[in-house]
Every structure is written in C-alpha cells, then in structure tokens.
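Notes follow the structure.
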DNA sequence: CTTTTCATGTAACAAGTTACATGATTTG
DNA sequence: CAAATCATGTAACTTGTTACATGAAAAG
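Protein chains in written order, with the numbering used here: chain A, 1 to 171; chain B, 1 to 171.
Spelled out as structure tokens, the structure:
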C-alpha cells in the first residue's frame, strides 16, 4: 500500500490539495512513484475517513487543503521503519531476459534505445540538480540523496546498456 | 500487461506447466518480475483462450504443459519492440524522499539496512553467476546480460547507501 | 471573451494479492 | 504409511488505469 504512504509523505512535508499532490507526483516524485488523478483523490478520501489526514482549509473552486494528523505521522513512521520494501518490478529487465525472442540486430537496437533513454533521463536529473537551491533544510538534504540515487541509477543503466550492446556486437 | 508477456517469454524458451512457470518466477525471474500462483494460472487460461498458447501435453496430477503458438510469438515480439516500458516504481526511493519523517539516527540506520540488503543480494547474484554453466546458447547470452544488470544495480545500490549514510553522519 | 489553469469527482475495467480448497504422486 | 512435492483452481479483496464529466477562477 505505497500510494497511501506517498500521499502521507507529501502531506508530512506541507499541507496541500489533491491537485497540489498531483503536481508533485508528476514532477519531483516521477522517478520514484507514479499515480493517477483518480487514485490520488480516492486515496485522500480514504485517508480522511481513516483520520490520518484532515481538511485544514477550503479554498476557491472547491479546493480542499489536507493536512496530516498525528495518527497519519505515526502510520508514516511505521511504514518507513517496520514495513519490508515490496519486490521491485522492472519490465525493462524482463525484456532483456527474453531478448532471444527477437533477432540479434533488433536486440542491439533495443539496447541502443535503452542507453539513449537512460542518457536522457540522466541529463534531465542533472539539470534538476543544477537548477535547485540546495540549502540545508531537511527536505533538501533527503531530496538530494534521492536525486543522487537517480543519477547513479541512470548512469549505471546507460553504461550497462552500452556494455551489453558492445558484447553482442563482438559475436 | 507485463505478466502476460513474462509468461509468453518463459514459454517461448520452453514449454511448461503453471507449476514450472511458478518455479521460474520464484527463482530466475525473481529480481525482474514477481507473480502469484493464482495470477499465473489465471493468465494461462486467458492466454489459451486468446490462442497465444496451447496445451501441448497432459501429465499426471492434472498437469498441463503449455506451448507458445505463432500468434503468441508475434505478440511477444510486438511487446519487446513496440511497447514503451512502464514507469518504474520503487518504494525504497520513495522512503528516502520522506526520510525527514524519522529521526536522523533512524535515517542512518535505515540506510545501513539498505546497504546490507543490497550487499546480500549482490552476493547472491555472484553465487548464481559462479554456479552457472555459461555455455553460449542464446538463453545464456541474454541471461548473462540480465544477471550483469542485477550485479551492477546491487553494487550501485550498496555504494549509494554507504555514501548517503556517511553524508548524514558528517552533520 | 476565450483560453489556460485549477480543481474535484465517478464508473468501468484490468492487474495483483491473500486465503482457501483440493487432491494425486513420489520419496523415505 | 507419512511427509514432501507436484499440481490446479476459485473467491474476495485491494490496487491501479482509462475515460468520462463538470465547472470555477485567473490570465491574456
């Protein structure tokens, strides 16, 4: 149940509306967790029913600003510390396993596209890093750790794909 | 719809029963895609209805050995080449984003456990590599690429977690 | 006054999890 | 003959996706 905790996590940093949260899912959280609008609004309703968040303020256009409660913070902490991470799923690496289903030339092309995509995402993240004001509040400290993870991940991805393509080329 | 393609991919290598596939999901495919028993049997039924696989042989205990059809191979190829990979979800990196929800000491402990887990998985994969007969059939070639990806991923993960813990320690 | 942005919600469906239920065959 | 392994399936539930539906407020 990670969507629930992603929402709690975002609201633990600052209160916000469903729309505000969607911006964050589409931007800062994009590489870690995706969510659809209908999922977010649905979860906000359930979270409010469960008392983990409350409506702190109502604004124009029916805007409802949600705020995390003490119970919500407790639940977030519990998830952070006690809950085992779920098994990762990666359909890209699944495709690599089954690369013998396509021709060697197509396999090399596939790996080329993987390398390209990783390079692109890497540059994207580097730009984010360069554009961001890394003052030393808590959010920036941990945000920087997450960003660095992304940078290393994409670099590793790119290097692996290039290595793999070269390896296939040898034969 | 990646489970469907994971099943097709496995059957493209060799025919097998639901039970055989479950072994593969639990062992060789474990780091790329997980599936439950009920999901696999359900998908086998749907795939057979759609004509992408057929029952090639029935054995003892109601065992049904499925085989991929030409339509199935076409569908697998299509997915390999034309379908965009889905956005990755990683609840571990999600936790990193929200690390300010726990104390600095707990955050360091969390990163320590991440490093430990990555080290363990890395050793596990190294053992797999050392135990395996890497003769040069297609399966081994691509299996080796996937394994190398896992090795690099876990190493990166471990190094990042150690770096991050050290970084927090400074302050 | 028109377009863009902000803002929420529902319905129908597909994918994934957990728990239950059953039983044949092989191995020790 | 008891235990482990092989083997399939269903039911209830949760999570995630896609598409639709609506409209207020701000910006140009």
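Cβ atoms here follow ideal geometry from the backbone N, Cα and C, with glycine treated the same way.
Identity of the residue in the options nearest residue i by Cα
i	options	result
residue 15 of chain A	A:42, A:57, A:38	A:57
residue 45 of chain B	B:18, B:94, B:33, B:35	B:18
residue 76 of chain A	A:157, A:23, A:53, A:106	A:53
residue 41 of chain B	B:64, B:33, B:133, B:27	B:64
residue 131 of chain B	B:119, B:144, B:22	B:144
residue 165 of chain A	A:137, A:122, A:141, A:106	A:106
residue 142 of chain A	B:137, B:126, B:163	B:163
residue 102 of chain B	A:78, A:102, A:123, A:103	A:78
Alpha carbon of residue i to alpha carbon of residue j, nearest angstrom
i	j	result
residue 48 of chain B	residue 25 of chain B	19 Å
residue 43 of chain A	residue 7 of chain A	8 Å
residue 72 of chain B	residue 83 of chain B	15 Å
residue 109 of chain B	residue 1 of chain A	23 Å
residue 55 of chain A	residue 38 of chain B	40 Å
residue 66 of chain B	residue 155 of chain A	40 Å
residue 100 of chain B	residue 100 of chain A	45 Å
residue 74 of chain A	residue 81 of chain A	11 Å
residue 168 of chain B	residue 35 of chain B	37 Å
residue 9 of chain A	residue 69 of chain A	12 Å
residue 158 of chain A	residue 158 of chain B	18 Å
residue 115 of chain A	residue 62 of chain B	45 Å
residue 21 of chain A	residue 104 of chain A	44 Å
residue 23 of chain A	residue 121 of chain A	19 Å
residue 30 of chain A	residue 140 of chain A	17 Å
residue 113 of chain A	residue 4 of chain A	34 Å
residue 136 of chain B	residue 119 of chain B	28 Å
residue 87 of chain B	residue 127 of chain B	30 Å
residue 89 of chain A	residue 123 of chain A	24 Å
residue 117 of chain B	residue 117 of chain A	28 Å
Assumed close pair residue i, residue j - CB separation to whole angstroms, cut-off 8 Å
i	j	result
residue 160 of chain A	residue 129 of chain B	Not quite, the Cβ-Cβ distance comes to about 15 Å (not below 8 Å), so this is no contact.
residue 32 of chain A	residue 94 of chain B	5 Å
residue 91 of chain B	residue 60 of chain A	Wrong, their Cβ atoms sit about 35 Å apart, outside the cutoff.
residue 134 of chain A	residue 96 of chain B	With a Cβ gap of about 16 Å, residue 134 of chain A and residue 96 of chain B do not count as contacting.
residue 98 of chain A	residue 28 of chain B	With 8 Å as the limit, residue 98 of chain A and residue 28 of chain B do not qualify as a contact, their Cβ atoms being about 12 Å apart.
residue 125 of chain A	residue 111 of chain A	Not quite, the Cβ-Cβ distance comes to about 21 Å (not below 8 Å), so this is no contact.
Any chain A beta carbon closer than 8 Å to residue i
i	result
residue 108 of chain B	no
residue 17 of chain B	no
residue 120 of chain B	no
residue 70 of chain B	no
residue 160 of chain B	yes
residue 135 of chain B	no
Neighbour flag for residue i against chain B, beta carbons, 8 Å
i	result
residue 48 of chain A	no
residue 66 of chain A	no
residue 164 of chain A	yes
Residue i beta carbon near the ligand GTP (any heavy atom closer than 7 Å)
i	result
residue 169 of chain B	The model on display carries no ligand, and the ligand GTP is accordingly not part of it.
Which of the residues in the stretch 87 to 101 of chain A, read from start to end, lie with their CB under 9 Å from any CB of chain B?
87, 88, 89, 90, 91, 92, 93, 94, 95, 96, 97, 98, 99, 100, 101
For the stretch 7 to 41 of chain A, enumerate the residues whose C-beta is nearer than 9 Å to any C-beta of chain B, in chain order.
Within the stretch 7 to 41 of chain A, those residues whose Cβ lies closer than 9 Å to any Cβ of chain B are, in chain order, 8, 9, 10, 12, 13, 28, 29, 30, 31, 32, 33, 34.
Can you give me, in chain order, the residues of the stretch 72 to 85 of chain B that have a beta carbon less than 9 Å from any beta carbon in chain A?
73, 76, 77, 79, 80, 81, 83, 85
Using a Cβ cut-off of 9 Å, which residues of the stretch 144 to 158 of chain B contact any Cβ in chain A, in chain order?
144, 145, 146, 148, 149, 150, 152, 153, 155, 156, 157
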